[in-house]
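Enquirer:
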Amino acid sequence: MESPVVDRASLPLSVEAVRARYHALRDEVGAHVTVVAATKYVPLEQLGRLAEAGVEVVGENRAQDLERKYAAYGDAFSWHFIGHLQSRKAPIVNRICELVHSLSSESAARRLEIPALVEVNLSGEPSKSGVEESELARFLELGVEIRGLMTMPPPTTKPEDSRPYFRRLRKLAERYDLRELSMGTSQDYRVAVEEGATMIRVGSTLYETGERKTRRN
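Shown next as structure tokens:
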């Protein structure tokens, strides 16, 4: 009989392993690229191990988790918000974060007091957040400090499939003279960096434990 699949996010993180992966990744992408450790699946009680490993910037997806984790670890990290930003959650994000990667609504923009990247939906997928390319100019006039752009390509097993989306985002940023590009995750960050990413959002690249599901008779 097959045992349940192990949830790797719930397994203890090794400080030494995360440190080695983090520094290897920093060396690989270069000093001009900010490595944002995505902590959506990192439990509160394990977050301190990232600080011990030398991780400097973390990205949270949910405002309630952001608030809890910041209360416990405070200035151990620079905090970014990388999930869908609801306007009613903007005050929490304003208080804690130095940057939002995912601005995509006018209502959130009106309540935002910190710099942001506009999330652009280049794939046209209705399930994804983000503004249409044609709406970007209007967002740049909303009074928020916009430092750049972010996008999420469609899911794929081939990193190279993400390249056209990253390239389009870079050209869009160049058109509006925006310097920051948040693009690329654990699966496709190498392609993103080749196309000009200045920030990558990675999780499993740092936290992979090597555990596999096991079988028992």
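Going from the sequence shown to this note's numbering is simple: count from 1 and add 975. Using N, Cα and C, we set each Cβ at its ideal position, and we do this for glycine too.
Would the beta-carbon of residue 1181 fall within 9 Å of that of residue 1025?
Expert: Taking the first residue of the sequence shown as 1, we reach residue 1181 at position 206. Taking the first residue of the sequence shown as 1, we reach residue 1025 at position 50. Contact: yes.
Enquirer: Among 1155, 1007, 1030, 1038, which residue has its Cα nearest to the Cα of residue 1177?
Expert: The residue given as residue 1177 occupies position 202 in the sequence shown. Ranking the options by Cα distance to residue 1177, first place goes to 1030.
Enquirer: Could you give the residue range of the beta strand (DSSP E) that holds residue 1073?
Expert: Counted from its first residue, the sequence shown places residue 1073 at position 98. Element bounds for residue 1073: n/a, residue is neither H nor E.
Enquirer: Can we say the segment 1085 to 1100 touches the segment 1109 to 1127, given the rule of at least three CB pairs closer than 8 Å?
Expert: Contact between the segment 1085 to 1100 and the segment 1109 to 1127 is present, because at least three Cβ pairs lie under 8 Å.
Enquirer: State the start and end residues of the unbroken beta strand (DSSP E) segment that holds residue 1010.
Expert: Your numbering for residue 1010 matches position 35 in the sequence shown. Per DSSP, residue 1010 belongs to the beta strand (DSSP E) from 1009 to 1013.
Enquirer: Classify residue 1055: buried if its beta carbon has 16 or more other beta carbons within 10 angstroms, exposed otherwise.
Expert: Counting from 1 along the sequence shown, the entry for residue 1055 is found at position 80. Classification of residue 1055: buried, given that the 10 Å Cβ count is 16 or more.
Enquirer: Mapping the DSSP letters down to three states, classify residue 1156 as helix, strand or coil.
Expert: Looking up residue 1156 in the sequence shown gives position 181. In this structure, residue 1156 counts as strand in the three-state DSSP scheme.
Enquirer: Alpha helix (DSSP H) containing residue 1004: first to last residue?
Expert: Numbered from 1 along the sequence shown, position 29 holds the residue referred to as residue 1004. Run containing residue 1004: 990 to 1004, per the alpha helix (DSSP H) assignment.
Enquirer: Which two residues bound the contiguous alpha helix (DSSP H) that contains residue 1124?
Expert: Position 149 of the sequence shown, counting from 1, holds the residue named residue 1124. That residue, residue 1124, is in no alpha helix (DSSP H); its beta strand (DSSP E) goes 1121 to 1125.
Enquirer: Return the first residue and the last residue of the beta strand (DSSP E) that residue 1046 is part of.
Expert: Here residue 1046 is taken as the residue at index 71 of the sequence shown, counted from 1. Where residue 1046 is concerned, there is no enclosing beta strand (DSSP E), although the alpha helix (DSSP H) it sits in stretches over 1038 to 1048.
Enquirer: Would you check if the segment 1036 to 1045 and the segment 1002 to 1017 touch, i.e. whether three or more CB-CB distances between them fall below 8 Å?
Expert: Touching, per the Cβ criterion.
Enquirer: Is the Cβ-Cβ distance between residue 1166 and residue 1005 less than 9 Å?
Expert: Locating residue 1166 in the sequence shown gives position 191, where the first residue counts as 1. Locating residue 1005 in the sequence shown gives position 30, where the first residue counts as 1. Contact flag unset, no.
Enquirer: Which residue comes first and which comes last in the beta strand (DSSP E) that contains residue 1053?
Expert: The sequence position of residue 1053 within the sequence shown is 78, counting from 1. Per DSSP, residue 1053 belongs to the beta strand (DSSP E) from 1053 to 1056.
Enquirer: Would you call the CB atoms of residue 1112 and residue 1140 closer than 9 Å?
Expert: Mapped onto the sequence shown, residue 1112 falls at position 137. Mapped onto the sequence shown, residue 1140 falls at position 165. No, the Cβ-Cβ distance between residue 1112 and residue 1140 is not below 9 Å.
Enquirer: Between the C-alpha atoms of residue 1078 and residue 989, what's the straight-line distance to the nearest angstrom?
Expert: The count along the sequence shown starts at 1 and reaches residue 1078 at position 103. The count along the sequence shown starts at 1 and reaches residue 989 at position 14. If you take the alpha carbons of residue 1078 and residue 989, they lie about 33 Å apart.
Enquirer: Pick out whichever of 1090, 1175, 1068 has its Cα sitting closest to the Cα of residue 1119.
Expert: By 1-based counting over the sequence shown, the position of residue 1119 is 144. With distances taken between Cα atoms, residue 1119 lies closest to 1090.
Enquirer: Jot down the residue ranges of each uninterrupted beta strand (DSSP E) in the segment 1128 to 1177, minimum 3 residues, whole runs only, in chain order.
Expert: You should have 1155 to 1157, 1174 to 1177.
Enquirer: Please report how far the alpha carbon of residue 1132 lies from the alpha carbon of residue 1164, in whole angstroms.
Expert: Walking along the sequence shown from the start, residue 1132 turns up at place 157. Walking along the sequence shown from the start, residue 1164 turns up at place 189. Near 13 Å, if we compare the C-alpha coordinates of residue 1164 and residue 1132.
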